[in-house]
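6 protein chains.
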Amino acid sequence: MPYVTVKMLTGRTEEQKKALVEKVTEVVSETTGAPKENVTVFIEEMTKNHYAQGGVRFSDK
Amino acid sequence: MPYVTVKMLTGRTEEQKKALVEKVTEVVSETTGAPKENVTVFIEEMTKNHYAQGGVRFSDK
Amino acid sequence: MPYVTVKMLTGRTEEQKKALVEKVTEVVSETTGAPKENVTVFIEEMTKNHYAQGGVRFSDK
Amino acid sequence: MPYVTVKMLTGRTEEQKKALVEKVTEVVSETTGAPKENVTVFIEEMTKNHYAQGGVRFSDK
Amino acid sequence: MPYVTVKMLTGRTEEQKKALVEKVTEVVSETTGAPKENVTVFIEEMTKNHYAQGGVRFSDK
Amino acid sequence: MPYVTVKMLTGRTEEQKKALVEKVTEVVSETTGAPKENVTVFIEEMTKNHYAQGGVRFSDK
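If you're matching them up, the sequences are chains A, B, C, D, E and F in order.
Quick note: the first sequence, position 14, residue 0 per my numbering, numbers continuous.
Quick note: the second sequence, position 18, residue 4 per my numbering, numbers continuous.
Quick note: the third sequence, position 39, residue 25 per my numbering, numbers continuous.
Quick note: the fourth sequence, position 30, residue 16 per my numbering, numbers continuous.
Quick note: the fifth sequence, position 51, residue 37 per my numbering, numbers continuous.
Quick note: the sixth sequence, position 3, residue -11 per my numbering, numbers continuous.
The structure is reproduced here in structure tokens:
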């Protein structure tokens, strides 16, 4: 604990994901007081045809 | 806000997903009072081997 | 199937939630072809101190 | 109801997933008192580059 | 890993929840091959006004 | 986008949650390239009787 889920569109590189996970873990640990080794991060990717704002999918914009 | 997630089996066409997102956004806006542009919709698809009712997966029926 | 989750700030009345669930079920059924009785809706409420955009919680605005 | 989601790394066989779903449904039914046919199970798989503990992804270990 | 989430209506006793968590952990471990100590279980409770099937909330039945 | 959910046990102060949300938003923006104003953060709290590792709830330890 804590468990962090980052949901975003596909397209980030492995380097970006690696850095994302490192930095998020650091700041979650710092601000909650949980040891770094107890922080879990999940990345969930979505495609543009499965994500909409205002009723319009990003694949239809 | 609101954030709507629709989880369903794969197999719907892009036309169906487009209409789904449009109509859901409309009625969520109408019934909650939130402006349409503030409504976010996510579609999550699952396959038949990852979905079960009564202990039996849909791929095993 | 489908399973719909609507995540929103607390504050909607029971009448609004009842209408939300009815209308969402109707349009999900129409656009996906699933029978109405197979559509499940979950409402999840959050409070303003647990929701942030741009790094600022709604309780701090 | 209940709805059970099992999130795990890819790599389990169809036989393992089938058994997982059967056994989880049985014990959820037994311990909650819900009839077996009312128990729904979802499996969600993740890849090693989308899962981290202690700030390190399993794909980087 | 695995991470199991059980979503259900409020009303189960602490004894039921304790047994639920024990039994689910056992069978998830057996069928996936993951050591018991690596299995995490989350319980999420919902109220009858936030759960609907066929467009009707359980609080309105 | 991105949408970040932080799931943790109850007990953090409002100051901790405020700092958590600020810092997470900053590093998610930096590492993914998304503008800070597009980053959404949700906090989800759980109680010790709804969270278990190795088949034992934290309320039973």
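For glycine and all other residues, C-beta sits at the position ideal for the given N, C-alpha and C.
- In the three-state reduction of the DSSP assignment, B/Ala38 falls in the strand class, which pools E and B.
- Under DSSP, D/Met32 shares a beta bridge with D/Leu(-5).
- With at least 16 other beta carbons inside 10 angstroms of its own, F/Pro(-12) counts as buried.
- Cβ contact annotation for E/Ile29 (same chain, cutoff 7 Å, sequence separation greater than five): Val(-8) and Lys3, in chain order.
- Contact of A/Val42 with chain F is not assigned, every C-beta pair being separated by 7 Å or more.
- When the Cα atoms are used, B/Thr(-1) and A/Thr(-1) turn out to be separated by approximately 29 Å.
- Here F/Val25 is not near F/Val7, since their CB atoms are 7 Å or more apart.
- Here C/Leu(-5) has Glu31, Met32, Thr33, Lys34, Tyr37 and Phe44 as same chain residues with Cβ atoms under 8 Å from its own Cβ, once five neighbours each way along the sequence are excluded.
- For F/Ala5, there are no neighbours in chain E by C-beta distance under 8 Å, as the nearest C-beta there is about 25 Å away.
- DSSP, reduced to helix, strand and coil, places A/Val7 within a helical segment of the structure shown.
- In the three-state reduction of the DSSP assignment, F/Val25 falls in the coil class, being assigned neither a helical nor a strand state.
- Residue contact with chain C for B/Val27: absent (no Cβ-Cβ distance below 7 Å to any residue of chain C).
- If you draw a 10 Å sphere on the C-beta of A/Gly41, you find 16 or more other C-beta atoms in it, and that means buried.
- At least one CB of chain C lies nearer than 7 Å to the CB of F/Lys22.
- Thr(-9), Val(-8), Lys(-7), Met(-6), Leu(-5), Arg(-2) and Gln2: these are the residues of the segment -9 to 2 of chain D whose beta carbon lies less than 8 Å from some beta carbon of chain E, given in chain order.
- With respect to the 7 Å criterion, B/Thr17 and C/Lys9 are classified as neighbours on the basis of their beta carbons.
- Flagged as an interface residue toward chain B: C/Lys9, by a C-beta distance shorter than 7 Å.
- Under a criterion of Cβ atoms nearer than 9 Å, the residues of chain A adjacent to B/Glu12 are, in order, Gly41.
- Using a CB distance cut-off of 7 Å, B/Thr33 does not count as an interface residue toward chain C.
- D/Val14 is not a Cβ neighbour of E/Val13, given a cutoff of 7 Å.
- Cβ-Cβ distances below 7 Å link B/Asp46 to nothing in the same chain once the five nearest sequence neighbours on each side are left out.
- By DSSP's assignment, F/Val(-10) forms a beta bridge with A/Val(-8) and F/Val27.
- Closest in alpha carbon position to D/Glu23, among B/Gln39, B/Pro21 and B/Gly(-3), is B/Gln39.
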